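Chemist: I have a structure here, written as structure tokens, and I will follow up with some questions on it.
Residue numbers (my numbering): 22 to 133.
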């Protein structure tokens, strides 16, 4: 048995032009990753449209997301989580530029 461990709030990458995606665990139908944002946003007109369900937890920083068809921007602060159904188009409007925005993202398949 192989044991893996770490700390999601340490060993952060330096702030840069791009978000940093770190794969923490993966198996059939499941992917867990840490995402570190430093002021990034989705490009104009770009929408994520993932075939998997997504559950995200904001560990630090803050962010604003738009879910297609929602009446208002969904603002997240540390501790907030959000379930995004498969094929729910969404975009990141902004992330905190003054401190790292650290996400824990879980992508998973739903059996029908």
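Note that the Cβ used here is the ideal one computed from N, Cα and C, for glycine as well.
Predicted model only: the values in this text are computed from it and were never measured.
(1) My parser needs the beta strand (DSSP E) runs of 3 or more residues fully inside the stretch 45-83; what are they?
(2) State the CB to CB distance for the pair residue 124 and residue 80, rounded to an integer number of angstroms; the pair is presumed to be in contact (CB under 8 Å).
(3) Using only the alpha-carbon positions, how far apart do residue 101 and residue 78 sit?
(4) Return the Cβ separation of residue 134 and residue 63 in integer angstroms, given the expectation that the two are a contact with Cβ distance under 8 Å.
(5) Look at the alpha carbon of residue 66 and the alpha carbon of residue 111, and state the distance between them as a whole number of angstroms.
(6) Checking 8 Å against the spacing of the C-beta atoms, do residue 74 and residue 106 come in under that value?
(7) Taking DSSP as the reference, what is the three-state secondary structure of residue 37?
(8) Hey, quick one: how far does the beta strand (DSSP E) through residue 116 stretch, first residue to last?
Modeler: Walking through what the data contain:
(1) 51-58, 74-81
(2) Mapped onto the chain shown, residue 124 falls at position 103. Mapped onto the chain shown, residue 80 falls at position 59. Their Cβ separation, rounded to whole angstroms, is 7 Å, which keeps residue 124 and residue 80 in contact under 8 Å.
(3) Counted from its first residue, the chain shown places residue 101 at position 80. Counted from its first residue, the chain shown places residue 78 at position 57. Going from the Cα of residue 101 to the Cα of residue 78 covers about 6 Å.
(4) Because residue 134 is not part of the residues shown, which for the chain are 22 to 133, the question remains open.
(5) Taking the first residue of the chain shown as position 1, residue 66 is located at position 45. Taking the first residue of the chain shown as position 1, residue 111 is located at position 90. Whole-angstrom Cα-Cα distance: 11 Å.
(6) Against the chain shown, residue 74 aligns to sequence position 53. Against the chain shown, residue 106 aligns to sequence position 85. Contact flag set, yes.
(7) Translated into the one-based positions of the chain shown, residue 37 becomes position 16. DSSP places residue 37 in coil when its eight states are reduced to three.
(8) Within the chain shown, the letter at position 95 stands for residue 116. Looking at the DSSP string, the run of the beta strand (DSSP E) that includes residue 116 is 111-116.
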